[in-house]
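S.K.: Quick one: structure below, then a few questions.
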């Protein structure tokens, strides 16, 4: 995510020239744009009509946001979208216009917006008991913890529930530090792990780091196959972690934390061979390996349920959030009984964590993923989508890289294939145009030049075609 | 910790049994073979012999067909870790809630005098809030603030209108810990200083940095906390200066002059300490301290996670009871009647420092929680919950004070509105915490049908913080039950 102000000035100039082009087009239905060669990408059909919207307008909302919400709160698009309804992989604006949600509320809505099974679980539990805390028993938390633990390999079977990814990562870092008696933690440059004090330290992109003390975290060279200095040689990058430990710490550390595929950082898959080598190094230094599965978890990568499984490792602690509840505020930390015992030294308590409604939703999500074979769908549709995007890369110089796994894909735009110069303006423009055509994607990467495609896992091949065709259509006109 | 706690509990109960020659007999349904006596009977002797009745309530819980308490406990032990503790020797399986009552697996009703730790503000499954949540969940659960949505804007506006002064920029988060973390970040960024000050006996969160602000050893893991110092607690009951706010305030001045560079980032306090045992800060304390802190360049943070939303009865916000206006206010718990929601409200000036970088909260301000939060504000106003808290609260405190005259074990009755604490001591002069007795009475109250909370560093304070629809009859039942239980000690 980049600073918008300087881009916007240049961007509006850019838009003006396009507007002139558009006036020559004939009248068309709102969700298609006619063009000179007649082919118009069309959104797949969908049998659902949202209820009419009678709430405040986009302008009213914007002015309230400016007055009562954070001045740093941003929106996507030059003309922000007022999203009022969602169904499966589609979102609807205040005019009832349908959009293909290729971002999933930031890789969060995994089963689909308002998936009936998940809504039913939420509604039924809310009507019975919303909250009482874990001071009393309730079956929802126990059933969900069991189901979640059963999805994890090895001895990872003790669950702590939190309310967000940040809370989960904070807890994981604290557990690692308590367990080892050490303070140093290593994370990877370009990572995103959260916005509280410990996690802000682990997060490694300047735009997310405030000028406050963030102690005890060291950042390793990013094993980025596209931009990294060692290409895809995972083991070469792993040596940096060894060096960090040998030279920058006492030789013993608390742990290592990473995403299997960096989300905010622009869908960067860690170079193959990196994690196994690093995990081995960390263990030798007495540290714990933390896998941040906030975005890559819950079947999103298609080939496996968890992102770390793609790298052939078993972490000591796994953190999750976002997709875990299809959008309900929920996070979790899963670890071994041995490591979990460290919290018995004092009392750890989370008032909302593990409440009946969120855990009922979480359990429903796991059931839906299994019942509807969403992992397989992510694999099949994701592979197909990646192939089509790769073909698009061959067609256009603007596309520097297509990467990712399953339905966690990234498209990096560059203005020079050799120099890999980030094409920030083009990214903004295309993103805006995609929205006009009815496709909502996300943006990421340190330079803000990567499209993040992390839709609900019910995304179909037709949706994938529509997305790629729309992108094709737009890039052709730049 | 749970193992340790259980061992301690077991031994204190045994110790108590030995000391008091106490014969356990299970109290079944209060409606058993007793004659019908009005629960608000004024004769003291009646309550010594007859367990009081729960006020009537016209509601039938759904039949429960889920796992039993034992099955759940076994799963918890296996999948939720040994650190997850619970109340009662034989933990309660709570399956349903309605307004100020909870139901266990057998359909038995309990008076919820703790509200899921001061969280269920309007009442369990309050119909209006339920409706808001259900309707919004059917439309859109989540999309994030990268798109517009009216729910977050409407809720932020409504919340800002409840604030005095220039407190009108709202940040939504998912918990009290997240809110206090954010407040601390704002204070440090805004002032350029690092030093935070909180009160001994305070509780501000369980995350790794809010642990620094929290000042009760039970909750503090041995990790680096950064530049945070804890000052003397202006505790009228146990504090060395009694209710003399000026002496306690001087402590803060001394800390700043001797323990810091002379400049601090901020000061944070609850107006009535929750986890710490419903301790009200000595009157006049905050006014003096806010002055001192501001002169040292610091900002003043009011933690309203427990005292907010009309609970104190006399005022909407706890800090108003001390006649101050903070720079930052944090809230959670009651804000959403149980929804995972927290908020930080501050001035545009302080908020502007957050614009230096990007801070994003994925779930914060989501449509469902915002809709729920807005419904809560409306219910509190419509049903005049604040006035109700003042009314029922003063009745409750009045009756508890009478009870204090009757039972020596009650060392202190304190609080405001429906945020009440009862501190038990074995010696009124020494104020020796009556830990064992508290544990026994705690269990006894559960058997009688009243679920209270426990707090204080020594675990000898009953915390009475029910859903704000708690009635006078409920209050009478609670006091009668306590009277009955104490008479049997």
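Residue numbers (our numbering), protein chains in the order written: chain A, 3 to 480; chain B, 2 to 490.
The beta-carbon is built from N, C-alpha and C at its ideal position, and this holds for glycine as well.
(1) Taking beta-carbon pairs under 7 Å, can you tell me which members of the region 91-119 of chain B lie near chain A?
(2) Which residues of chain A have a Cβ atom closer than 9 Å to the Cβ of residue 426 of chain B, listed in chain order?
(3) Is it the case that the CB of residue 385 of chain A approaches a heavy atom of the ligand MG more closely than 6 Å?
(4) Figure out for me which residue from B:108, B:128, B:71, B:476 has the closest Cα to the Cα of residue 338 of chain B.
(5) Check the Cβ of residue 126 of chain B against every Cβ in chain A and list those closer than 9 Å, keeping chain order.
(6) Is the beta carbon of residue 413 of chain A closer than 7 Å to that of residue 425 of chain A?
(7) Using DSSP with H/G/I as helix, E/B as strand and the rest coil, what is residue 182 of chain A?
(8) Could you check whether residue 104 of chain A and residue 432 of chain A sit closer than 7 Å to each other, using their CB atoms as the reference points?
(9) Measuring only between beta-carbons, confirm whether residue 226 of chain B sits less than 7 Å from chain A.
(10) So, at 6 Å on beta carbons, what are the nonlocal neighbours of residue 481 of chain A in its own chain, with the 5 sequence-adjacent residues on each side left out?
(11) Which first and last residues belong to the beta strand (DSSP E) in which residue 151 of chain B is found?
(12) On a CA-only basis, which of A:301, A:89, A:156, A:400 is nearest residue 340 of chain A? Give me that one, please.
(13) Under 7 Å, Cβ to Cβ, is there at least one residue of chain B near residue 141 of chain A?
(14) Who are residue 1 of chain A's beta bridge partners in DSSP?
(15) For residue 360 of chain A, return the contacting residues in chain B, with the cut-off set at a CB-CB distance below 7 Å.
(16) Between residue 360 of chain B and chain A, is the shortest Cβ-Cβ distance under 7 Å, so that the two count as touching?
(17) Give every residue of the same chain whose Cβ lies closer than 6 Å to the Cβ of residue 446 of chain A, excluding the five residues on either side of it in the sequence, and list them in chain order.
(18) Quick check on residue 497 of chain A: buried or exposed, where buried means 16 or more other Cβ atoms within 10 Å of its Cβ?
(19) Could one say the Cβ of residue 66 of chain A lies closer than 7 Å to chain B's Cβ atoms, at least one of them?
(20) Which value, in whole angstroms, describes the spacing of the CA atoms of residue 483 of chain B and residue 391 of chain B?
(21) Contact defined as beta carbons within less than 8 Å: I believe residue 286 of chain B pairs with residue 225 of chain B. What is the distance between those atoms, to the nearest angstrom?
(22) From this set, B:487, B:168, B:354, which residue's C-alpha is nearest residue 446 of chain B's C-alpha?
(23) Got a sec? Which residues, its chain only, sit under 7 Å from residue 434 of chain A by beta carbon, not counting five neighbours each side?
(24) Using a beta-carbon distance below 7 Å, is residue 143 of chain B in contact with chain A?
(25) Please tell me whether residue 124 of chain A has its Cβ less than 7 Å away from any Cβ of chain B.
(26) Taking 7 Å as the threshold (beta carbon to beta carbon), is residue 66 of chain B in contact with chain A?
(27) Going along the chain, which unbroken runs of the alpha helix (DSSP H) with 4 or more residues stay wholly within the region 406-454 of chain A?
(28) Quick one: which chain B residues come within Cβ less than 7 Å of residue 100 of chain A?
(29) Which residues in the same chain have their Cβ closer than 8 Å to the Cβ of residue 123 of chain A, if we skip the five residues on either side of it in sequence?
(30) Keeping to the same chain, check which residues put their C-beta closer than 6 Å to that of residue 354 of chain B; ignore five residues upstream and five downstream.
(31) Within the 7 Å Cβ cut-off, does residue 434 of chain A reach chain B?
(32) Could you check the C-alpha separation between residue 292 of chain B and residue 233 of chain B for me, to the nearest Å?
(33) With the cut-off set at 7 Å, would you say residue 471 of chain B and residue 380 of chain B are in Cβ contact?
(34) May I ask you to report which of helix, strand or coil DSSP gives residue 54 of chain B?
(35) Nearest CA to the CA of residue 236 of chain A: which residue from A:245, A:244, A:226?
(36) Going by the CB atoms, is the gap between residue 358 of chain B and residue 209 of chain A shorter than 7 Å?
M.R.: Put simply:
(1) 92, 93, 94, 95, 96, 97, 98, 103, 117, 118
(2) By Cβ distance, chain A contributes nothing, its closest Cβ being about 23 Å from residue 426 of chain B, past 9 Å.
(3) This structure does not include the ligand MG; it has no bound ligands of any sort.
(4) B:128
(5) 128, 129, 130, 131, 132
(6) no
(7) helix
(8) no
(9) Not closer than 7 Å to any Cβ of chain A, the Cβ of residue 226 of chain B fails to qualify, so no.
(10) In this structure chain A extends from 3 to 480, so residue 481 of chain A is not present and cannot be described.
(11) No beta strand (DSSP E) holds residue 151 of chain B; the alpha helix (DSSP H) holding it covers 151-162.
(12) A:156
(13) yes
(14) Because residue 1 of chain A is not part of the residues shown, which for chain A are 3 to 480, the question remains open.
(15) 341
(16) yes
(17) 266, 268, 452, 454
(18) Any property of residue 497 of chain A remains undetermined from this structure, which presents chain A solely from 3 to 480.
(19) yes
(20) 21 Å
(21) So it is not a contact: roughly 29 Å between Cβ atoms.
(22) B:487
(23) The residues are 79, 80.
(24) yes
(25) yes
(26) no
(27) 426-439
(28) What residue 100 of chain A touches in chain B, judged by beta-carbon distance under 7 Å, is nothing: the nearest beta carbon there is about 13 Å away.
(29) 362, 363, 365, 366
(30) 190, 191
(31) no
(32) 17 Å
(33) No, the pair does not count as a contact, with Cβ atoms beyond the cut-off.
(34) coil
(35) Selected option, being the one with the closest Cα: A:226.
(36) yes
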